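What follows is a single structure, written as structure tokens, with notes after it.
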Amino acid sequence: MENREKKLSGSVAYRGKILDLRIDKVGLPNGRKAVREVVEHAPAVAMLPLSSSGQILLIRQFRYAVGREMLEIPAGLVEQGEPFEAAARRELQEEIGFYPDTLTEIGRMYNSPGFSTELLVLYLAEGLCPSRLQPDDDENIQVHPVALEEIAPLLRRGDIVDGKTFTALSWFLAFRRPS
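Just so you know, we're using this note's numbering here: the sequence shown kicks off at 7 and counts up by one.
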């Protein structure tokens, strides 16, 4: 039995700057019908910057949607037609003021595939050289260096609640942990 849903009809309920909201009626494999709310979101990149001094450069910023300050890895939207790697290099310069000599893709993920199309490409950024681009006008970001031995305690205490950051730091502990 095929486990796909088939779009029967759809309409756009909202068009915004960074996302659109689409309402689709779908046919289910069992013959029933359902409604799916889909957030159409541009792809994004997120980078795990590793400094030459052996620190992870996180950022601290207030996130209005959840009403709190968070520790995160730098990230941002991919502009129309922009390659993922170019977006990652640009976002690092805007958010933390460094240009990476090396970017290594560590994975691709959907944060919330139950309702969002946003694809997030994760990179390890190494060989960081100072290089600042103008930050976005609506962002207030502080760089927060973290020693490698502090990663596990941050995760264990629940200090990291951002999905992309939790994923990237867990990947680092699993695959790149220093000996």
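Where is the CB? At the ideal position from N, CA and C, for every residue including glycine. None of these values were measured; they are calculated from a predicted model.
Quick check: is any heavy atom of the ligand SAM less than 7 Å from the C-beta of isoleucine 65?
The ligand SAM is not part of this structure, which contains no ligands at all.
With a Cβ-Cβ cutoff of 8 Å, do valine 32 and alanine 81 count as a contact?
Alanine 81 sits away from valine 32, with the two beta carbons spaced by 8 Å or more.
Quick check: is the beta carbon of histidine 150 nearer than 8 Å to any beta carbon in chain B?
The chain labelled as chain B is not found in the depicted structure, where only one protein chain is given.
CB-CB under 8 Å to glutamate 97, same chain, minus the five flanking residues each way: which ones, in chain order?
Contacts found: Val51, Met53, Pro80, Ala81 and Gly82.
Tell me whether alanine 143 is buried or exposed, calling it buried when 16 or more other Cβ atoms sit within 10 Å of its Cβ.
The sequence as given places aspartate at residue 143; alanine does not occur at that position. Of the other Cβ atoms in all chains shown, fewer than 16 fall within 10 Å of the Cβ of aspartate 143; this residue is therefore exposed.
Lysine 170: buried (16+ other C-beta within 10 angstroms of its C-beta) or exposed?
Flag for lysine 170 reads buried.
Within 10 Å of its beta-carbon, does aspartate 168 have 16 or more other beta-carbons around it, so buried, or fewer, so exposed?
Label assigned to aspartate 168: buried.
Which listed residue (Glu11, Glu43, Leu139 and Lys13) has its alpha carbon closest to that of alanine 93
Across the set Glu11, Glu43, Leu139 and Lys13, the C-alpha of Leu139 shows the shortest separation from the C-alpha of alanine 93.
Leucine 175 and isoleucine 157 look like a contact to me (Cβ under 8 Å); what is the Cβ gap, rounded to whole Å?
Here leucine 175 really is in contact with isoleucine 157; their C-beta atoms are around 5 Å apart, less than 8 Å.
Sort Leu14, Thr110 and Ala19 by Cα distance to tryptophan 177 and report the nearest one.
Nearest of Leu14, Thr110 and Ala19 to tryptophan 177, Cα basis: Thr110.
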